[in-house]
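Only one structure is covered here, and it is reproduced in the block below.
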Amino acid sequence: MLSEIGWKVHLVSSALDQGDRTNSELDHHCIDIERAPAPLADLRALIQMTILLSKLKPEIVVGATPKASFLSLTAGFLARIPTRVYFLWGLRLETTSGPYRRLLWTIERLTAKFSTHVVAVSPSLRDSYLRENLVRPQKVELVSHGSSKGVNLETFRPASQSEGPGLSEEFGAIGLVPGVPVIGFFGRLNEDKGLQALADARNILWHKQVDHQVLVVGNDETNGIFAEKLNLAGRPAVFLGGVRDLARYYRMIDVLCLPTLREGMPNVCLEAAASGVPVVVSRVTGAIDAVEEGITGLVVEAGSPESLADALQTLISQTKLRNKLATASRPWVSARFNEADVCQAYIRFFERLEKNPIDISGEFPT
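Quick note: the sequence shown, position 358, residue 567 per the working numbering, numbers continuous.
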């Protein structure tokens, strides 16, 4: 995005995928960052990052994801980088308690202090961050309607008539049954995604004799625990694991279900909307900004299998309503989260920072 308009962009990460390696417009730097707390490894990464930033002397440093943001923005402060931006993509502490929650709160607080700007990816995430007293209100902002990158409307689109036979063939090849409504779950398999509620909702639907099947796309972080729970004797779930090209799988499902317990701004809901697929989401941070309730999907109470089952049954059994929501979904996401528009908004944001590199926090003057 920025490199295309003449900015010099350096990418720092633990590992680079093939797409990053082949992007000649970016300079890559690998620093190992462990996802879980690891004091010695984290200190080593902080030192390496501080040395790197002191050498590069960028005008702006941007951090995203909790651990990488804490390390990169602390290093940016130590290296005296004038503008330090924290991309707030989620608030992990929302689903924790006790000492671990206090630890995460402290890390978030420090990350915000070492930042000059905090950019939340959704309005509700911004509000949650402020309620936690993690940052001064004038320091956190929203770019456009939110989202980390928007949605590519050419990639994510409804199925065309010409590709129907090919999709039908692949439909059967991956184990889906023609003629039975498909509920899709796309995302990492972990407890925070609300998979226990989905498993229980499937059982409720089954006892109500609401025939359906579930397509699960995403990496399993539970060692198979939820893979087993999501299965039903009569209709085992279809698990594809992690895939690089999600677009065609949206065109195979009737409803996207995300019973998550917390989010930043779930891209899967926006991608589903662009594909003409209604969504069912929990009433939690981030997720509520990715759907227009009653227009593009339904919102249920978090952690309630009964509420989730009712919403899924409504969309499975009421074809007319499902089609109505599907028809409204693409125009809604196009008006708010078109990738081209979101990227332009971020470009304007960075251009503003370039012209006015001021630490508005007043906590750590540069």
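Cβ atoms here follow ideal geometry from the backbone N, Cα and C, with glycine treated the same way.
Is the beta carbon of residue i less than 8 Å from the beta carbon of residue j?
i, j, result
"residue 465", "residue 493", "no"
"residue 387", "residue 381", "yes"
"residue 509", "residue 500", "no"
"residue 393", "residue 424", "yes"
"residue 398", "residue 435", "yes"
"residue 401", "residue 514", "no"
"residue 317", "residue 343", "yes"
"residue 556", "residue 210", "yes"
"residue 297", "residue 327", "yes"
"residue 468", "residue 427", "no"
"residue 376", "residue 461", "yes"
"residue 524", "residue 406", "no"
"residue 155", "residue 383", "Residue numbering for the chain in the displayed model covers 210 to 575; residue 155 lies beyond these limits and cannot be assessed."
"residue 290", "residue 262", "yes"
"residue 324", "residue 301", "no"
"residue 483", "residue 362", "yes"
"residue 439", "residue 411", "yes"
"residue 477", "residue 396", "yes"
"residue 512", "residue 488", "no"
"residue 279", "residue 315", "no"
"residue 539", "residue 367", "yes"
"residue 481", "residue 459", "yes"
Is residue i helix, strand or coil when you go by DSSP?
i, result
"residue 242", "coil"
"residue 550", "helix"
"residue 477", "helix"
"residue 542", "helix"
"residue 435", "helix"
"residue 214", "helix"
"residue 222", "strand"
"residue 373", "helix"
"residue 454", "coil"
"residue 351", "strand"
"residue 385", "coil"
"residue 362", "coil"
"residue 530", "helix"
"residue 398", "strand"
"residue 230", "Because the pLDDT of residue 230 is 49, which lies under 50, any placement of that residue in the model is unreliable, and the question is left without a value."
"residue 235", "strand"
"residue 471", "coil"
"residue 367", "coil"
"residue 313", "helix"
"residue 319", "helix"
"residue 379", "helix"
Starting from residue i, trace the beta strand (DSSP E) both ways and give me its first and last residue.
i, result
"residue 293", "292-297"
"residue 406", "Where residue 406 is concerned, there is no enclosing beta strand (DSSP E), although the alpha helix (DSSP H) it sits in stretches over 404-416."
"residue 424", "422-426"
"residue 329", "326-329"
Take residue i and list the residues in its own chain whose beta-carbon comes closer than 8 Å to its own, dropping the five residues that flank it on each side.
i, result
"residue 554", "352 and 353"
"residue 578", "The structure shown has nothing for residue 578, since the chain only spans 210 to 575."
"residue 369", "none"
"residue 339", "346 and 349"
"residue 576", "Because the chain in this structure spans residues 210 to 575, residue 576 falls outside the shown range and cannot be described."
"residue 265", "219"
Output the boundary residues of the alpha helix (DSSP H) element that contains residue i.
i, result
"residue 286", "275-287"
"residue 516", "514-526"
"residue 263", "248-265"
"residue 301", "It is not in any alpha helix (DSSP H) - residue 301 carries neither H nor E in the DSSP assignment."
"residue 356", "It is not in any alpha helix (DSSP H) - residue 356 carries neither H nor E in the DSSP assignment."
"residue 346", "From DSSP, residue 346 is part of no alpha helix (DSSP H); its letter is neither H nor E."
"residue 334", "332-340"
Looking only at its own chain, which residues have a Cβ that is under 6 Å from the Cβ of residue i, when we skip the five neighbours before and after it?
i, result
"residue 374", "none"
"residue 230", "Note that residue 230 scores a pLDDT of 49, beneath 50, so its modelled location is shaky; the value from the coordinates is reported in the next line. Correct list: empty, nothing qualifies."
"residue 504", "537"
"residue 250", "243"
"residue 307", "none"
Does the beta carbon of residue i come closer than 8 Å to any beta carbon on chain B?
i, result
"residue 253", "The structure shown has no chain B; it contains just one protein chain."
Tell me residue i's beta-bridge partners as DSSP assigns them.
i, result
"residue 392", "423 and 464"
"residue 448", "425"
"residue 507", "489"
"residue 502", "506"
"residue 269", "292"
With a threshold of 7 Å on Cβ separation, who are the neighbours of residue i within its own chain once the five nearest residues in sequence on each side are excluded?
i, result
"residue 546", "354, 356, 359, 360 and 479"
"residue 216", "none"
"residue 560", "none"
"residue 304", "401, 470 and 471"
"residue 331", "355, 473, 474, 495 and 498"
"residue 244", "276"
Cβ of residue i within 7 Å of any heavy atom in the ligand ATP?
i, result
"residue 463", "Ligands in the displayed structure: none, and consequently the ligand ATP is not present."
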